[in-house]
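Numbering (my numbering), first residue to last: 1114 to 1204.
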């Protein structure tokens, strides 16, 4: 977390990586989990430009349904943090 704080203090934009793997994504979104921490830290650091990359799509057989679920969940969380979901690109 220390290096994450140092990096965000110098950043103009952030790329948040989230896994599509079932169970792993859900675990990363639990209270005080890494994805939630990173999203909040990036917003608190004042970084306005954020993109999300969904990784490990091969682990869910490139399921569009799974991608859309992850996209919906992460955008919902980032909205709660303070981001406008319309300005966050998910790839």
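Just so it is clear, CB atoms sit at the ideal spot from N, CA and C, and this is done for glycine as well. On a predicted model such as this, the values are computed, not experimentally measured, just so you know.
If you check the CB distance, residue 1128 and residue 1158 do not come in under 8 Å. Within the model, the alpha-carbon separation for residue 1199 versus residue 1192 is close to 9 Å.
Note on residue 1203: 16 or more other CB atoms within 10 angstroms of its CB, so buried under the neighbour-count rule. Unbroken alpha helix (DSSP H) runs of no fewer than 4 residues, entirely contained in the region 1158-1202, are found at 1177-1194, following chain order. Residue pairing by DSSP places residue 1126 opposite 1162 in a beta bridge.
Scanning 1153, 1182, 1144 and 1188 for the CA closest to the CA of residue 1170 turns up 1182.
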